[in-house]
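K.L.:
One structure, pasted below without further comment.
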Amino acid sequence: FIDYLKDIRPARALLDSGQFDIYYSSWTRKELLAKPGLATSERQEIEELLGRFHLVLVDDAIAEKYWVLLTKYGSQG
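The opening residue of the sequence shown carries number 4 in this note's numbering; numbering runs sequentially from there.
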C-alpha cells in the first residue's frame, strides 16, 4: 500500500489489476492513518484505496498467530 501511495508503478499495476482478492489488517489501516501530519487529502486517498480491498479485523487468535510467527522469524522491516 505504501508503494502504491508513493506512486510506484509495479505496486499501482498490481493493486489496480483486479486480478487478486487483496486483504489487509486493521493494524495496517491504523498504521497508514496514524502518520504524523497526514493531510486531509492524504487521508482521503488512503481511505479510498483501502475501501477497494477486504479488511481483516485482528482478533485474539490472529494476534496470537502473529506473535508466534514474529518470534519464530523475527521482524522483516
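Just so you know, even glycine gets a beta-carbon here, dropped at the ideal spot from N, CA and C.
According to DSSP, L28 sits in a beta bridge with which residue or residues?
P.N.:
As a working note, residue 28 is residue 25 in the sequence shown. Strictly speaking, residue 28 in this sequence is Ser, with Leu absent from that position. According to DSSP, S28 bridges with V59.
K.L.:
Beta-carbon separation of Y27 and L58 under 8 Å?
P.N.:
If you number the sequence shown from 1, residue 27 lands on position 24. If you number the sequence shown from 1, residue 58 lands on position 55. Contact flag set, yes.
K.L.:
Whole angstroms are fine: how far does the CA of P39 sit from the CA of A64?
P.N.:
By 1-based counting over the sequence shown, the position of residue 64 is 61. By 1-based counting over the sequence shown, the position of residue 39 is 36. Looking at the two C-alpha atoms, the distance is approximately 30 Å.
K.L.:
Less than 8 Å separating the beta-carbons of I11 and F56?
P.N.:
Here residue 11 refers to the residue found at position 8 of the sequence shown. Here residue 56 refers to the residue found at position 53 of the sequence shown. No.
K.L.:
Please report the distance separating the alpha-carbon of R46 from that of L36.
P.N.:
Taking the first residue of the sequence shown as 1, we reach residue 46 at position 43. Taking the first residue of the sequence shown as 1, we reach residue 36 at position 33. Rounded to whole angstroms, R46 to L36 spans 7 Å at the Cα level.
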